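Report on the following structure.
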Amino acid sequence: MDKGPHLIKKIPDMMNIVKVHKQNQIIGFVPTMGFLHKGHISLIQSARKDNDIVVVSIFVNPKQFAPNEDIDRYPRNIKRDIEICREQGVDYIFYPCAEEMYPNGFQTSVSLSELTKGLCGKSRPTHFSGVTTVLTKLFNIIQPDNVYFGQKDAQQAVIVKQMIKDLNYPITMHILPIIREDNGIAMSSRNKYLSAGQMKNAEVLNKSLKLAETLIKQGERNCNRLKKIIYHKIENENRNSNANIKIDYIEIVNFDNLQPIENVRTNTLIAIAVFIGQTRLIDNIVIK
Ligand code: PAF
803 MDKGPHLIKK IPDMMNIVKV HKQNQIIGFV PTMGFLHKGH ISLIQSARKD
853 NDIVVVSIFV NPKQFAPNED IDRYPRNIKR DIEICREQGV DYIFYPCAEE
903 MYPNGFQTSV SLSELTKGLC GKSRPTHFSG VTTVLTKLFN IIQPDNVYFG
953 QKDAQQAVIV KQMIKDLNYP ITMHILPIIR EDNGIAMSSR NKYLSAGQMK
1003 NAEVLNKSLK LAETLIKQGE RNCNRLKKII YHKIENENRN SNANIKIDYI
1053 EIVNFDNLQP IENVRTNTLI AIAVFIGQTR LIDNIVIK
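Residues in the sequence shown are numbered consecutively from 803, following our numbering.
See below:
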């Protein structure tokens, strides 16, 4: 076979390819919305190590954007994405259009009842059913043995893990650490929206989480106190820089079930979402 990545746009073509490989090869799958960055590359590299065949999907999924979230503004660069996939030895890029995934008459949605209620689900109430619906389709089309997700979208990772379990997918899920810029900002396609000044302001997300982590190491366990400290750190940045920062949430939860907790213990997720101007950024740390 000639070197990849092969760009596949049609579902039946992708399914025919998968059928052949499935007979005797292990398939690794990295679902993405494109505009690939180092975070995606780390997922692809893990997939490349573990599997015979690596499939990356690139699909800016309309179902996970609310009407007020401008999907047309979402950054795209398929040429560059193909190049990155080539460098990383990806075999196939599944690159369907919206009509291919959701033809006229499409009416099914997959949603989880509990894990989607808090954190990002509160301010983006339709987002996660969009994610789980598209992933159900993608898992059925690509039939992966292994799938790779980033911890940056921590709630998404917990939700997908539950969905895989609930729907009996024979899939092993791998959640890989957040990849950060040199200044600590978590890699995200949305960072593209930030001006140089806002990029500087965005450092406060990671800095406030790091502060909480340091305090925990020094013995602080009380979640309310920790949340207040994170809040003040972010508000200070706002005051000092006139940055137009608005906190969406600061939550401390059990990383297994996303339930709020009073005191930090093992496997605690500290997750924050912050608007810098119009751009909503998320970040988190897991206290092991
Ligand atoms: O994390 C993302 O980029 C998306 O939510 C995903 C998993 C590709 C589904 O569209």
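The C-beta atom is built at its ideal place from N, Cα and C for all residues, glycine as well. Keep in mind the model is a prediction, meaning the values are calculated, not measured.
List the endpoints of the continuous alpha helix (DSSP H) containing residue i.
| i | result |
| --- | --- |
| Q965 | Looking at the sequence itself, residue 965 is Met, so the reference to Gln does not match. It spans 956 to 968 - the alpha helix (DSSP H) in which M965 sits, taken as one unbroken run. |
| H976 | No alpha helix (DSSP H) holds H976; the beta strand (DSSP E) holding it covers 974 to 978. |
| N1040 | 1025 to 1043 |
| K1012 | 998 to 1019 |
| H808 | Run containing H808: none in the alpha helix (DSSP H); it sits in the beta strand (DSSP E), 808 to 810. |
| T938 | 929 to 944 |
| V822 | 813 to 824 |
| D1085 | Not the alpha helix (DSSP H): D1085 falls in the beta strand (DSSP E), residues 1081 to 1089. |
| G923 | 922 to 925 |
| R850 | 840 to 852 |
| K865 | No alpha helix (DSSP H) contains K865, which DSSP labels as neither H nor E. |
| I884 | 880 to 889 |
| L902 | A small correction: the amino acid at residue 902 is Glu; Leu does not occupy that position in the sequence shown. From DSSP, the alpha helix (DSSP H) with E902 extends over 900 to 903. |
I'd like the span of the beta strand (DSSP E) that includes residue i, first residue to last.
| i | result |
| --- | --- |
| E833 | One detail in the question is off: residue 833 reads as Pro in this sequence, not Glu. It spans 829 to 834 - the beta strand (DSSP E) in which P833 sits, taken as one unbroken run. |
| S859 | 855 to 860 |
| E871 | First-last for E871: undefined, no H or E at that position. |
| E1053 | 1047 to 1056 |
| A1073 | 1070 to 1078 |
| G986 | Unbroken run through G986: none, as it is neither H nor E. |
| G952 | 948 to 952 |
| I1091 | Since the first residue of the chain shown is 803 and the last is 1090, residue 1091 is not available in this structure. |
Taking 8 angstroms as the cut-off, decide whether the C-beta atoms of residue i and residue j are in contact.
| i | j | result |
| --- | --- | --- |
| I1052 | I1078 | no |
| I1074 | N1086 | yes |
| Y894 | H976 | no |
| I846 | V832 | yes |
| F867 | I873 | yes |
| I1036 | I1049 | yes |
| V949 | I987 | no |
| I810 | Y897 | yes |
| P905 | I829 | no |
| L921 | L1060 | yes |
| V1076 | L1007 | yes |
| M816 | I966 | no |
| L1028 | I1047 | no |
| S1010 | L1083 | no |
| E902 | K963 | no |
| R850 | G806 | no |
Taking its Cβ as the centre, do 16 or more other Cβ atoms sit within 10 Å of residue i, making it buried, or is it exposed?
| i | result |
| --- | --- |
| C899 | exposed |
| H1034 | exposed |
| V858 | buried |
| Q953 | buried |
| R926 | buried |
| N1003 | buried |
| E916 | exposed |
| V822 | exposed |
| D753 | As shown, the chain starts at 803 and ends at 1090. That puts residue 753 outside it, with no answer to give. |
| E1039 | buried |
| Q827 | exposed |
| T1016 | exposed |
| N1024 | exposed |
| K1012 | exposed |
| A998 | exposed |
Beta carbon of residue i: closer than 7 angstroms to some heavy atom of the ligand PAF?
| i | result |
| --- | --- |
| V936 | yes |
| V933 | yes |
| N863 | yes |
| Q958 | yes |
| D955 | yes |
| M835 | yes |
| Q866 | yes |
Verify the contact flag: residue i, CB atom, against every heavy atom of the ligand NAD, threshold strictly below 7 angstroms.
| i | result |
| --- | --- |
| T910 | No copy of the ligand NAD occurs in the structure displayed; its ligands are the ligand PAF alone. |
Examine chain C for any beta-carbon lying closer than 8 angstroms to the beta-carbon of residue i, and answer yes or no.
| i | result |
| --- | --- |
| R875 | Note that chain C does not occur in the displayed structure, where there is just one protein chain. |
Cβ contact check for the segment 834 to 845 and the segment 883 to 892: 3 or more pairs under 8 angstroms: Judged by Cβ distances under 8 angstroms, the segment 834 to 845 makes contact with the segment 883 to 892, as three or more pairs qualify.
Sufficient close CB pairs (3 or more, under 8 angstroms) joining the segment 980 to 992 to the segment 933 to 940: By the criterion of at least three beta-carbon pairs nearer than 8 angstroms, the segment 980 to 992 is not in contact with the segment 933 to 940.
Flag this pair as touching only if the segment 1064 to 1073 and the segment 905 to 916 have three or more C-beta atom pairs under 8 angstroms; answer yes or no. At 8 angstroms Cβ cutoff, the stretches do not touch.
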